[in-house]
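Please read the structure below before turning to the comments.
Residue numbers (the working numbering): 2 to 395.
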């Protein structure tokens, strides 16, 4: 039998244990702004890694708890970084009546796929390798990010520093419903603009007013016109709000803008164009403050293909579906991929309807994707550095 087949045989009988750890983590409502609960996930999860002989290192992150990493030296080759995150999109108490549950085929709950199930799966995969007396990479580092769902504003440098000398990076975002794993990602940006005009009664002294809403609406039309589907370049105004009353010229307004780019050469030009539009109010009496920018860089396919070729082979050995995906969304894997490091993302359990009340994972995929994940770790331990190449492994 191959290592992936062996790992699957080892992990399947432990599915109930993987579900139990998933349930324990889901029960901690770790919305990104709930620093205490995010820290609690780190404590519970960290105890598991320390039980395997990993050394824990922590760095405080203001208002977000702490950045935690777990380190162990192995007898194999190479440095491998596992990227995961402790936070979810669900603040404590925001989803009453929705807790962890399972029906034998699926497991449900806030963050069950993104990414509490992936965290559990990764620990059991490493534990299975140790039980099988397989060599771990010369350096194995698991990084647990506390602010990923916010775009990792306080963790980007920490992630990049941790990954900089890695031979491979594996990311625990969930596998897509069709077995898709992520070999590349588009750049993602978030900007906000706050307009300040001058209020006046719409009938009595309309001319004295300067409409902040008009400036924001004017910008909205120009921003959306920047979208170029053929180049996978998207500008979306997700929020436009302002005004105080129907009969008052609005003195305040704000825009929240999402931007996406597939091509590295579009990144700087898009940001410049978006900021220029936001800054042009069309009325000297209306001022604007613009904040934000790109939060995730382009993760090129060239960074993901070498590891994907191995994952595809392992999936074929156990009859699991797999396909390469280039995602419009960003993740912490974007930072590693943009650095040119061999990076494969979307390796967690198969998930449906991520970040919705319908979020669920396929229970059987905990063992299947865990086996693939563990086999990738074993490959790094055997080979060390991988070429950045789209070719299949020898």
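A virtual CB, placed ideally from N, CA and C, is assigned to each residue, including glycine.
Ends of the beta strand (DSSP E) at residue 379?
Taking the chain shown and counting its residues from 1, one reaches residue 379 at position 378. Segment 365-384 is the alpha helix (DSSP H) holding residue 379; no beta strand (DSSP E) there.
Just to confirm my understanding: we take residue 328, look at its own chain, exclude 5 residues before and 5 after, and list those with CB closer than 6 Å. What are they?
As a first step, residue 328 is located in the chain shown; it is residue number 327 there, counting from the start. If we look at residue 328 and ignore the five residues flanking it on each side, its Cβ neighbours are 183 and 186.
Alpha-carbon to alpha-carbon, residue 171 and residue 400:
With the chain covering only 2 through 395, there is no way to say anything about residue 400.
Does the region 347-365 touch the region 202-221, meaning 3 or more C-beta pairs lie closer than 8 Å?
Flag = no, the region 202-221 and the region 347-365 do not touch.
Sequence-distant residues of the same chain with beta carbon closer than 6 Å to residue 374, five excluded per side:
As a working note, residue 374 is residue 373 in the chain shown. Within the same chain, residue 374 has close Cβ partners 126 and 348.
From residue 84 to residue 337, what distance separates their C-alpha atoms?
Your numbering for residue 84 matches position 83 in the chain shown. Your numbering for residue 337 matches position 336 in the chain shown. Taking the straight line from one Cα to the other gives about 10 Å.
Report yes or no: is there a C-beta of chain C within less than 8 Å of the C-beta of residue 386?
Annotation note: the requested chain C is absent from the structure, which comprises a single protein chain.
By how many angstroms is the C-alpha of residue 130 removed from the C-alpha of residue 14?
As a working note, residue 14 is residue 13 in the chain shown. As a working note, residue 130 is residue 129 in the chain shown. The alpha-carbon atoms of residue 14 and residue 130 are separated by roughly 15 Å.
Can you tell me where the alpha helix (DSSP H) with residue 38 in it begins and where it stops?
As a first step, residue 38 must be located in the chain shown, where it is residue number 37. Run containing residue 38: 36-52, per the alpha helix (DSSP H) assignment.
Reduced DSSP secondary structure (H/G/I, E/B, other) of residue 22
For the purposes of this step, residue 22 is taken as residue 21 along the chain shown, with counting starting at 1. Of the three classes helix, strand and coil, the one that applies to residue 22 here is helix, per DSSP.
Alpha carbons only, please: which of 320, 195, 165 and 175 is nearest the one belonging to residue 362?
Within the chain shown, numbered from 1, the residue matching residue 362 stands at position 361. Checked all of 320, 195, 165 and 175; the closest Cα to residue 362 is 175.
Please report the residue range of the alpha helix (DSSP H) in which residue 158 lies.
Your numbering for residue 158 matches position 157 in the chain shown. Residues 157-164.
Which of helix, strand or coil does DSSP assign to residue 395?
Here residue 395 corresponds to residue number 394 of the chain shown, with the count starting at 1. In this predicted model, residue 395 has a pLDDT of only 35, less than 50, meaning its place in the structure is not dependable enough to derive any value.
Secondary structure at residue 243, three-state DSSP: helix, strand or coil?
Your numbering for residue 243 matches position 242 in the chain shown. In the three-state reduction of the DSSP assignment, residue 243 falls in the strand class.
Between the C-alpha atoms of residue 293 and residue 258, what's the straight-line distance to the nearest angstrom?
In the chain shown, the residue the question calls residue 293 occupies position 292. In the chain shown, the residue the question calls residue 258 occupies position 257. In this model, residue 293 and residue 258 are separated by some 9 Å (Cα to Cα).
How many angstroms separate the CA atom of residue 54 from the CA atom of residue 73?
One-based indexing of the chain shown puts residue 54 at position 53. One-based indexing of the chain shown puts residue 73 at position 72. If you take the alpha carbons of residue 54 and residue 73, they lie about 7 Å apart.
DSSP beta-bridge partners for residue 170?
As a first step, residue 170 is located in the chain shown; it is residue number 169 there, counting from the start. According to DSSP, residue 170 shares a beta bridge with 82 and 344.
Evaluate residue 38 with the Cβ neighbour count: other Cβ atoms within 10 Å of its Cβ, from every protein chain shown; 16 or more gives buried, anything less gives exposed.
Here residue 38 is taken as the residue at index 37 of the chain shown, counted from 1. By the neighbour-count definition (other C-beta atoms within 10 Å, threshold 16), residue 38 is a buried residue.
For residue 282, which of helix, strand or coil comes out of DSSP?
As a first step, residue 282 is located in the chain shown; it is residue number 281 there, counting from the start. Three-state result, residue 282: coil.
Validate contact between the region 44-64 and the region 112-126 using beta carbons, cut 8 Å, 3 pairs
Counting C-beta pairs closer than 8 Å gives three or more between the region 44-64 and the region 112-126, which meets the contact rule.
Could you check if residue 40 is buried or exposed, using at least 16 other CB atoms within 10 Å of its CB as the buried criterion?
For the purposes of this step, residue 40 is taken as the residue at position 39 of the chain shown. Residue 40 sits buried, since 16 or more C-beta atoms from the chains shown fall within 10 Å of its C-beta.
Could you tell me if residue 100 is buried or exposed, where buried requires 16 or more neighbouring beta carbons within 10 angstroms of its beta carbon?
If you number the chain shown from 1, residue 100 lands on position 99. Residue environment for residue 100: exposed (fewer than 16 other C-beta atoms within 10 angstroms of its C-beta).
So what does residue 196 bridge to, in DSSP terms?
Sequence index remark: in the chain shown, residue 196 carries index 195 (1-based). According to DSSP, residue pairing for residue 196 in a beta bridge involves 254 and 289.
Nearest by alpha-carbon distance to residue 12: which of 370, 388 and 384 is it?
To locate residue 12, count along the chain shown from 1; it is residue 11. For residue 12, the closest C-alpha among the options 370, 388 and 384 is that of 370.
May I ask you to list the residues that DSSP assigns as paired with residue 353?
What you label residue 353 is simply residue 352 of the chain shown in a count that begins at 1. In DSSP, residue 353 forms a bridge with 361.
Cross-strand partners of residue 103 (DSSP beta bridge):
Residue 103 sits at position 102 when you count from the first residue of the chain shown. Answer is 108, bridged to residue 103.
Nearest candidate by alpha-carbon position, reference residue 297, set 18, 322, 226 and 268
For the purposes of this step, residue 297 is taken as the residue at position 296 of the chain shown. The residue from 18, 322, 226 and 268 with its alpha-carbon nearest to that of residue 297 is 268.
Can you give me the start and stop residues for the beta strand (DSSP E) that residue 143 sits inside?
Looking up residue 143 in the chain shown gives position 142. Per DSSP, the continuous beta strand (DSSP E) segment holding residue 143 begins and ends at 140-146.
Does the beta-carbon of residue 106 have 16 or more other beta-carbons within 10 angstroms, so that it is buried, or is it exposed?
Position 105 of the chain shown, counted from the start, is the residue given in the question as residue 106. Flag for residue 106 reads exposed.
Taking just the CA atoms, how far does residue 116 sit from residue 96?
Taking the first residue of the chain shown as 1, we reach residue 96 at position 95. Taking the first residue of the chain shown as 1, we reach residue 116 at position 115. Using only the alpha carbons, I get a separation of about 17 Å.
Between which residues of its own chain and residue 145 is the CB-CB distance below 6 Å, once the five residues before and five after are set aside?
One-based indexing of the chain shown puts residue 145 at position 144. Apart from sequence neighbours up to five positions away, the residues of its chain that approach residue 145 with a beta-carbon distance below 6 Å are 43, 69, 85 and 87, ordered along the chain.
Measure the CB-CB distance between residue 255 and residue 239 and report whether it falls below 8 Å.
Taking the first residue of the chain shown as 1, we reach residue 255 at position 254. Taking the first residue of the chain shown as 1, we reach residue 239 at position 238. Between residue 255 and residue 239, the CB-CB gap reaches or exceeds 8 Å.
Three-state secondary structure assigned by DSSP to residue 229
In the chain shown, counting from the first residue as 1, residue 229 sits at position 228. Correct three-state label for residue 229: strand.
Please check the pair residue 46 and residue 26, which I expect to be a contact at CB under 8 Å, by giving their CB distance rounded to whole angstroms.
One-based indexing of the chain shown puts residue 46 at position 45. One-based indexing of the chain shown puts residue 26 at position 25. That belief holds up - the Cβ atoms of residue 46 and residue 26 are roughly 7 Å apart, short of 8 Å.
Output needed for residue 77: all residues of its chain with C-beta closer than 7 Å, excluding positions within five of it in sequence on either side, in chain order.
Numbered from 1 along the chain shown, position 76 holds the residue referred to as residue 77. These residues qualify, in order along the chain: 136, 137, 138, 139, 382 and 383.
Whole-angstrom distance between residue 118 and residue 160, CA atom to CA atom
Along the chain shown, one-based indexing puts residue 160 at 159. Along the chain shown, one-based indexing puts residue 118 at 117. Cα to Cα, the separation comes out at about 21 Å.
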